[in-house]
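When we follow the working numbering, the leftmost residue of the sequence shown carries the number 11, and every step to the right adds one. Cβ coordinates follow ideal geometry from the N, Cα and C atoms, glycine included. Report on the structure given below.
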Amino acid sequence: MNDYLDKILRGQPVNYEAFLKKLPDSFRRRHRELFAAEKVKTNRWLVTILDESAFAELQDVAQTPLSRLDAAKKGNSHRHGTEVSFLLVYHQRLASSRPDVVVIGTESVDIGFQPARSVLVLENERNFFQYAQMLDFASETLGKRLAFTECDVLLGGGNRVTRGAILDWLKGYEEVFCAFDYDAGGLQMFSTVAASLGDKATFVQPRDWQPWLDRFRKLPDTTERFMRAISLAEGHGFLALAEAFRATGKFMEQEMILDE
Numbered sequence: 011m012n013d014y015l016d017k018i019l020r021g022q023p024v025n026y027e028a029f030l031k032k033l034p035d036s037f038r039r040r041h042r043e044l045f046a047a048e049k050v051k052t053n054r055w056l057v058t059i060l061d062e063s064a065f066a067e068l069q070d071v072a073q074t075p076l077s078r079l080d081a082a083k084k085g086n087s088h089r090h091g092t093e094v095s096f097l098l099v100y101h102q103r104l105a106s107s108r109p110d111v112v113v114i115g116t117e118s119v120d121i122g123f124q125p126a127r128s129v130l131v132l133e134n135e136r137n138f139f140q141y142a143q144m145l146d147f148a149s150e151t152l153g154k155r156l157a158f159t160e161c162d163v164l165l166g167g168g169n170r171v172t173r174g175a176i177l178d179w180l181k182g183y184e185e186v187f188c189a190f191d192y193d194a195g196g197l198q199m200f201s202t203v204a205a206s207l208g209d210k211a212t213f214v215q216p217r218d219w220q221p222w223l224d225r226f227r228k229l230p231d232t233t234e235r236f237m238r239a240i241s242l243a244e245g246h247g248f249l250a251l252a253e254a255f256r257a258t259g260k261f262m263e264q265e266m267i268l269d270e
């Protein structure tokens, strides 16, 4: 199940009929309300999420473990979600360049600092390590200063930030600024975050994409993935970003922000 959900989030085609068989009954009965599927090749469909809130709920169900140890004994621990998630966070009280760790369990959170009012979530490790530059970028694009004293910085790549337990923890922040790759995967991650956090979530992007067009370098894996990115951007009202996709025919990875 988690493999299917991850591919859907990344805009990759899946065997939709096999996916439906794995859905819990409550989701299978209303799958037409939750998903739209377009056949792109034999036994492969591109799946569009119609109900982001329900999809986040499905992710939570899929990742809720009966027992990871029990799953391991049966030969594959990855069939069940882990009971614990780890987050790397930079915050103002750190004494060195080593980030802090937040441990989020099924019923508890182990955190050694007081969270700030806001958090900047970064998708990629290099950008996370250069968090000061990313705070400057976010401040410029948002039109307001994100001071490190009032804004933590979190590494949330690999769809980690879309886990139900982590989204619940993020609800403790007043503002959640999402700086993800400018592609189908990054936009889908934001869709899932926004479905859970509502107006607290903001997608970090330049107001004017024209100076950034030469940094769109990544060719989409498939035409379907490219069209999915445009659809997601337009669905969120990010019309300038959708136009940037059309103008370049490419995506922009987050590391390009650091390319001075």
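Beta-bridge partners of residue i, as assigned by DSSP
i: Arg54; result: Lys51
i: Glu185; result: Ser128
i: Asp110; result: Val99
i: Asp162; result: Val129
i: Val24; result: Trp55
i: Tyr192; result: Met262
Euclidean distance between Cα positions of residue i and residue j
i: Tyr14; j: Leu223; result: 32 Å
i: Phe29; j: Phe138; result: 34 Å
i: Pro125; j: Lys17; result: 32 Å
i: Ala250; j: Asp218; result: 8 Å
i: Asn86; j: Lys31; result: Only weak support exists for where Asn86 lies, its pLDDT of 43 falling under 50; the value from the coordinates is given anyway. Cα to Cα, the separation comes out at about 20 Å.
i: Leu268; j: Arg39; result: 46 Å
i: Ser77; j: Pro23; result: Low confidence applies here, because Ser77 scores a pLDDT of 47, under 50, leaving its location unreliable and the question unanswered by this model.
i: Lys49; j: Arg235; result: 13 Å
i: Gln220; j: Met266; result: 15 Å
i: Ile240; j: Asp209; result: 22 Å
i: Lys154; j: Tyr26; result: 44 Å
i: Phe96; j: Ser118; result: 12 Å
i: Ser107; j: Leu68; result: 37 Å
i: Val113; j: Thr52; result: 42 Å
i: Gly167; j: Ala47; result: 26 Å
i: His41; j: Leu165; result: 32 Å
i: Thr202; j: Arg136; result: 23 Å
i: Gln286; j: Tyr183; result: In the structure as shown, the chain starts at 11 and stops at 270, and residue 286 therefore has no counterpart that could be examined.
i: Gly247; j: Pro230; result: 21 Å
Simplified DSSP assignment, three categories, for residue i
i: Phe248; result: coil
i: Lys228; result: strand
i: Asp209; result: helix
i: Met262; result: strand
i: Ala10; result: This structure cannot speak to residue 10, because the chain is shown only from 11 to 270.
i: Val94; result: coil
i: Ile121; result: coil
i: Gly174; result: helix
i: Lys84; result: The predicted model places Lys84 with a pLDDT of 39, which falls under 50 and marks its position as unreliable, so this point remains unresolved.
i: Asn12; result: helix
i: Leu33; result: coil
i: Leu268; result: helix
Close Cβ partners of residue i (< 7 Å) along its chain, the five nearest in sequence each way excluded
i: Phe45; result: Val57, Thr58, Ile59, Leu60
i: Ala271; result: A question about residue 271 goes unanswered here, because the residues of the chain that appear run from 11 up to 270.
i: Phe158; result: Gln102, Leu145
i: Asp110; result: Val99, His101, Leu104, Gly122, Phe123
i: Lys84; result: Unreliable positioning characterises Lys84 in this predicted model, as indicated by a pLDDT of 39, which lies under 50. A coordinate reading is not provided.
i: Asp70; result: Gly174
i: Pro34; result: Val71
Sequence-distant residues of its chain with Cβ nearer than 6 Å to residue i (five each side left out)
i: Lys228; result: Lys260, Phe261, Glu263
i: Asp80; result: For Asp80, the predicted model reports a pLDDT of 48, less than 50, meaning its position is unreliable; a value from the coordinates is still stated below. Contacts found: none.
i: Asp191; result: Glu133, Glu263, Gln264
i: Gly21; result: Ala194, Arg235, Arg238
i: Gly196; result: Phe190
i: Phe65; result: Ile59
Close beta carbons around residue i, own chain, < 8 Å, minus the five adjacent residues each side
i: Ala148; result: Leu130, Leu156, Phe187, Ala189, Val214
i: Glu160; result: Ala126, Arg127, Ser128
i: Leu271; result: For the chain, the structure presents residues 11 to 270; residue 271 sits outside this window and is missing.
i: Glu253; result: Trp219
i: Thr212; result: Leu152, Glu185, Val186, Phe187, Cys188
Within 8 Å, strictly: CB atoms of residue i and residue j
i: Val99; j: Val163; result: yes
i: Ala194; j: Ser63; result: no
i: Asn169; j: Leu19; result: yes
i: Pro216; j: Thr258; result: no
i: Leu175; j: Thr233; result: At residue 175 the sequence reads Ala, which differs from the Leu that was named. Result no, Cβ atoms of Ala175 and Thr233 do not sit closer than 8 Å.
i: Phe255; j: Ala243; result: yes
Test: residue i CB closer than 8 Å to a CB of chain C
i: Arg155; result: Although the question refers to chain C, the structure presented lacks it and comprises just one protein chain.
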